[in-house]
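What follows is a single structure, written as structure tokens, with notes after it.
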Amino acid sequence: MSPPKKNPARRAEELRAEIRRHERLYYVLDAPVISDAEFDALMRELLELETAHPEIATPDSPTQRVGGTPQDAFPRAAHEIPMLSLENANGAEELEAWLGRVRRVVDDPDALAWVAEHKIDGLSIALRYEDGVLVRGATRGDGAIGEDVTVNLRTVREIPLRVSGKGLPSVVIVRGEVYMTRSGFQRLNESREEAGEPTFANPRNAAAGSVRQLDARITAARPLHFFAYTLLQSDVTSQSEGLERMAEWGFPINPEWRRFEEREPLVAYCLDWQERRHELDFEIDGVVVKVDDLDHQAALGATAKHPRWAVAYKFPAEEAISVVRDIMVTVGRTGKLTPTAVLDPVEVSGVTVQMAGLHNEDEVARKDVRVGDTVVVARGGEVIPQIVRVVPEKRPRGARRFRMPKRCPSCGAEIVRLEGEVAHRCPNASCPSQLRERILHWASRGAMDVDGLGDMLARQLVDKEIVADLADLYDLDAETLAGLERMGKLSARNLVAALERSKSRGLRHVLYGLGIRHVGASAAGALAEAFGSMDALVAADRERLEEVEGVGPTLAESVREFFDAPENRIVVERLADHGVAMTEKRRARASGPLSGKTFVVTGTMSSLSRAGATSAIEARGGKVAGSVSKKTDYVVAGESPGSKLDRARALKVPVLDEEAFLALLGED
Ligand code: AMP
Ligand code: ZN
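In short: position in the sequence shown from 1, add 228, done, that's my numbering.
Structure (structure tokens):
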């Protein structure tokens, strides 16, 4: 691994400059241009050089401190006890070596115990509570001085503003991690994409960017979470006791921490989470192993950079470097054109990656991905790997910017881009690509679950013009199917049987399977439950649709548009003629004093949330709709109600204020 026979002092200087540049990009600008693994490699090379040639080490070398410079926009917040970095252990061997070192240093190695915790990939913060009240929250910054982001942190729901309980000292300092879940991150990016805003590269950047917003209202709107992991300035005697205490006082603690007295199960815990990390809805990049007993911790002490009593067992990087060979454009079932990068195959956390999603033209332009580019690929929160960034230094000469094609790559129709939409679309309803995707969606698990109807088959059915719409699937017979490529007699018979079985899946699956824009599985379920049959749904006007919980104007309009198109109605009728079930068994509603009454809730109430109001109404047999219509029985209006109140007045629907509403619920 040692670098070419360059003068070590010169190489070290080069590395330091390079590392400082990347630290600034990472910590200050939140815009890293190399992967964590590459950064670690630079750092390791420098450390190795300095260890081999101690005479060239300098006091201001990046190896001597923790990275980061606070931004000037926030007040500075000094940490009484520095927030150090963690030493890394790559792989089980390095972890074993570290454990062995600790054993040799302490006087009573047999009394050693360890606590293992997820290393959450977020942003570390320090919180100060005085007499149980949160008075300050700060980022790590350079470890000695961070940024005072109290106002922002107060908006994070899981950070308690007040804590209490037995043994709570008058001043407590708690450290922990602010993070974003994968699902929250994905939703945030989706809505940013819809709004034409740049998306975040990963949940960590999104969390860090959200906490360091100058406008706390933006922070408040972001799906941030918090786990506490360190308790300072208390009388506990161990890390495990600290975690238990914090939980008792009301801090959120990641429940997956474990205490170990033996090394073997501890190492197994690390390896186990390395495998299972994707089961979690938040990203972890390792396991932090801490010596449990605080006296042991004190005996071990710390270097300027990191404590000697803790180590970060790092998982192999989830990022890798590859080269873009092509940018392909695929046509989805709604006609949306999606650019996809074709990559040189590369392994990312155990999976070979050859494609990366690029969402839309704006995204490609923002990342400026070009054919021939060297790129950093990551498997993050999303199913399809993503291109994190381009490595600009490695761009070949003459690499051309990407442009969306003018014509559909599948059917040749002229591509349109609707006003206010990010996406380009093929407007041709009988476009073969769209049809193929619609078939695959119809057959998918969440929809009609037709086993054996995969990509190859769908392609042939469309290309050979055997299937021109979804209903044609139910005309397929084993003989026709057996004549197709890669189809034996047995698989043909199985497919016919699977199609037969799919007929009884029920309305919610049919609705989802039809692929109506904006109708995901949950909306399909809500519609099916509310209307019970396809006939009732098709007859419903927009207002009626909007009364369904979770159905907003966009969704209602999209449903109407779908059923207003004669060709869609014909397909649905033909599906029904083939015996595809178009009804849904309704779940019995709770009956109670509000049975048969429909409510719309608007504004904020002091004694209960919108969700709380909804469940209170439903528990009493009532129904809650999303918008006001003539069929609304009551509008419940809290503080600063929206246009729904105006509409209620216009339609003369009775309006209840909070007090009247509580009285109706039978509470005061
Ligand atoms: P590093 O920045 O890689 O040196 O690692 C140190 C960082 O790990 C801390 O600043 C925390 O942000 C983070 N971390 C995540 N989970 C934990 C945990 N359970 N205990 C301690 N540190 C953690
Ligand atoms: Zn087309």
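Glycine residues also receive a C-beta, built at the ideal position from the N, C-alpha and C atoms.
query = Skipping 5 residues on each side, what residues in its chain have a beta carbon closer than 7 Å to that of PRO236?
reply = Sequence index remark: in the sequence shown, residue 236 carries index 8 (1-based). Cβ contact annotation for PRO236 (same chain, cutoff 7 Å, sequence separation greater than five): LEU277, HIS281, ILE284, in chain order.
query = Could you give the residue range of the beta strand (DSSP E) that holds TYR457?
reply = Counting from one through the sequence shown, the residue named residue 457 turns up at place 229. Taken as a continuous stretch (DSSP letters only), the beta strand (DSSP E) holding TYR457 covers 452-460.
query = When you compare each of GLY560, ARG553, ALA768 to VAL570 by their alpha carbons, which one comes out closest?
reply = Against the sequence shown, residue 570 aligns to sequence position 342. Ranking GLY560, ARG553, ALA768 by Cα distance to VAL570 puts ARG553 first.
key: Residue closest to ARG385, alpha-carbon to alpha-carbon, out of ARG450, ALA436, GLU490   = Position 157 of the sequence shown holds residue 385. Answer by Cα proximity: ARG450.
inquiry  = By alpha-carbon positions, which one of MET583, ASP509, ALA847, VAL605 ends up nearest to GLU546?
reply    = Here the question's residue 546 lines up with position 318 in the sequence shown. When the alpha-carbon of GLU546 is set against those of MET583, ASP509, ALA847, VAL605, the nearest one is in VAL605.
inquiry  = Looking at ILE512: is its Cβ nearer than 7 Å to the Cβ of HIS307?
reply    = For the purposes of this step, residue 512 is taken as residue 284 along the sequence shown, with counting starting at 1. For the purposes of this step, residue 307 is taken as residue 79 along the sequence shown, with counting starting at 1. Contact: no.
task = Just mark GLN461 as buried or exposed, buried being the case when its beta carbon has 16 or more other beta carbons within 10 Å.
result = For the purposes of this step, residue 461 is taken as the residue at position 233 of the sequence shown. When all chains shown are included, GLN461 counts as exposed.
task = With distances taken Cα to Cα, identify the nearest neighbour of ALA269 among LYS595, ASN318, GLU887, THR830.
result = Counted from its first residue, the sequence shown places residue 269 at position 41. Comparing Cα-Cα distances from ALA269 to each of LYS595, ASN318, GLU887, THR830, the minimum goes to ASN318.
Contact shell at 5 Å, judged by CB to any heavy atom of the ligand AMP, ordered along the chain = That gives SER313, LEU314, GLU345, LYS347, ILE348, SER352, GLU405, TYR457, VAL516.
inquiry  = Taking 5 Å as the limit, name every residue whose beta carbon sits nearer than that to some heavy atom of the ligand ZN, in sequence order.
reply    = Per the Cβ criterion, the list is CYS636, SER638, CYS639, ALA641, CYS654, ASN656, CYS659.
inquiry  = Do GLY849 and VAL779 count as a contact pair if the criterion is CB distance below 7 Å?
reply    = Position 551 of the sequence shown holds residue 779. Position 621 of the sequence shown holds residue 849. With respect to GLY849, VAL779 sits apart: the two C-beta atoms are not nearer than 7 Å.
ask   = From the DSSP output, which residues share a beta bridge with GLN525?
value = As a working mapping, residue 525 is identified with position 297 in the sequence shown. Partner(s): none; GLN525 has no beta bridge.
message = Please classify ILE617 as buried or exposed, where buried requires at least 16 other C-beta atoms within 10 Å of its C-beta.
response = Locating residue 617 in the sequence shown gives position 389, where the first residue counts as 1. Inspection of the sequence shows that residue 617 is occupied by Arg rather than by Ile. By the neighbour-count rule (16 or more Cβ atoms within 10 Å), ARG617 is buried.
task = Have a look at ALA902 and VAL829 and give me their C-alpha separation to the nearest angstrom.
result = Summary: the structure shown does not reach residue 902, with the chain confined to residues 229 through 896, and so no result is reported for it.
query = Any idea which residues DSSP pairs ARG364 with across the strands?
reply = The residue given as residue 364 occupies position 136 in the sequence shown. Secondary-structure assignment with DSSP links ARG364 through a beta bridge to ARG356.
key: Three-state secondary structure assigned by DSSP to GLU418   = Your numbering for residue 418 matches position 190 in the sequence shown. Of the three classes helix, strand and coil, the one that applies to GLU418 here is helix, per DSSP.
query = PHE759 to LEU735, Cα distance in whole Å?
reply = Stepping through the sequence shown from its first residue, residue 759 is reached at position 531. Stepping through the sequence shown from its first residue, residue 735 is reached at position 507. Spanning the two alpha carbons is a distance of roughly 10 Å.
Residue ranges of each beta strand (DSSP E) within the stretch 673-754, 3 or longer = You should have found no qualifying run.
request  = Could you check the C-alpha separation between ALA354 and ALA532 for me, to the nearest Å?
outcome  = Position 126 of the sequence shown, counted from the first residue, corresponds to residue 354. Position 304 of the sequence shown, counted from the first residue, corresponds to residue 532. Their backbone Cα atoms lie some 19 Å apart in a straight line.
ask   = Does the beta-carbon distance from ARG664 to ARG687 come in below 7 Å?
value = As a working note, residue 664 is residue 436 in the sequence shown. As a working note, residue 687 is residue 459 in the sequence shown. For ARG664 and ARG687, yes; Cβs fall inside 7 Å.
key: Assigned secondary structure, LYS872 (DSSP; H/G/I helix, E/B strand, else coil)   = On the sequence shown, residue 872 is found 644 positions in, with the first residue counted as 1. Reduced to three states, the DSSP call for LYS872 is helix.
key: As assigned by DSSP and simplified to three states, the class of LEU836   = For the purposes of this step, residue 836 is identified with residue 608 of the sequence shown, where counting begins at 1. In the structure shown, LEU836 sits in coil (DSSP, three-state: anything other than H, G, I, E or B).
key: Contacts around VAL391, its chain only, beta-carbon distance under 7 Å, and the 5 residues preceding and following it disregarded   = Taking the first residue of the sequence shown as position 1, residue 391 is located at position 163. Result list for VAL391: TYR357, GLY360, TRP477, GLY478, PHE479, in chain order.
query = Using the C-alpha atoms, what's the distance from ASP679 back to THR782?
reply = The count along the sequence shown starts at 1 and reaches residue 782 at position 554. The count along the sequence shown starts at 1 and reaches residue 679 at position 451. Roughly 33 Å between the two C-alpha positions.
request  = Compute the beta-carbon to beta-carbon distance between GLU492 and ALA341, rounded to the nearest angstrom, for a pair I have assumed lies under 8 Å.
outcome  = Stepping through the sequence shown from its first residue, residue 492 is reached at position 264. Stepping through the sequence shown from its first residue, residue 341 is reached at position 113. GLU492 to ALA341, Cβ: 14 Å. No contact.
request  = Report buried or exposed for LEU718, applying the criterion of at least 16 other Cβ atoms within 10 angstroms of its Cβ.
outcome  = For the purposes of this step, residue 718 is taken as the residue at position 490 of the sequence shown. Exposed: under 16 other Cβ atoms inside 10 Å.
request  = Go ahead and pull the three-state DSSP assignment for PHE889.
outcome  = One-based indexing of the sequence shown puts residue 889 at position 661. Looking at PHE889 - three-state DSSP - the assignment turns out to be helix.
task = Would you mind working out which of HIS737, ARG607, ILE373, GLY648 sits nearest ALA410, comparing C-alpha positions?
result = As a first step, residue 410 must be located in the sequence shown, where it is residue number 182. With the sequence shown as reference, residue 410 is identified as Arg, and Ala is not the correct amino acid for it. Of the listed residues, the one whose Cα sits closest to ARG410 is ARG607.
ask   = Straight-line CA distance for ASP885 to GLY820?
value = In the sequence shown, counting from the first residue as 1, residue 885 sits at position 657. In the sequence shown, counting from the first residue as 1, residue 820 sits at position 592. Taking the straight line from one Cα to the other gives about 21 Å.
request  = Starting from the C-beta of GLU241, find all residues in its chain whose C-beta is less than 8 Å away, skip the five residues before and the five after it, and write them out in chain order.
outcome  = Counted from its first residue, the sequence shown places residue 241 at position 13. So the list is empty, once near-sequence residues are dropped.
CA-to-CA distance, PHE510 to LYS595, given in whole angstroms = Here residue 595 refers to the residue found at position 367 when the sequence shown is read from its first residue. Here residue 510 refers to the residue found at position 282 when the sequence shown is read from its first residue. Between the alpha carbons of LYS595 and PHE510 lies a gap of roughly 25 Å.
task = Give the C-beta separation of VAL650 and GLU503 to the nearest angstrom, bearing in mind that I take them to be a contact with Cβ-Cβ under 8 Å.
result = Translated into the one-based positions of the sequence shown, residue 650 becomes position 422. Translated into the one-based positions of the sequence shown, residue 503 becomes position 275. Actually they do not touch by this definition, with Cβ atoms about 37 Å apart.
query = Helix, strand or coil: how does DSSP classify GLN441 here?
reply = Locating residue 441 in the sequence shown gives position 213, counting from the first residue. Three-state DSSP puts GLN441 in coil, outside helix and strand.
request  = Starting from PRO493, trace the alpha helix (DSSP H) both ways and give me its first and last residue.
outcome  = Mapped onto the sequence shown, residue 493 falls at position 265. Looking at the DSSP string, the run of the alpha helix (DSSP H) that includes PRO493 is 491-504.
message = Comparing C-alpha positions only, which one of GLY470, LYS394, ARG432 sits nearest to VAL402?
response = Mapped onto the sequence shown, residue 402 falls at position 174. It is GLY470.
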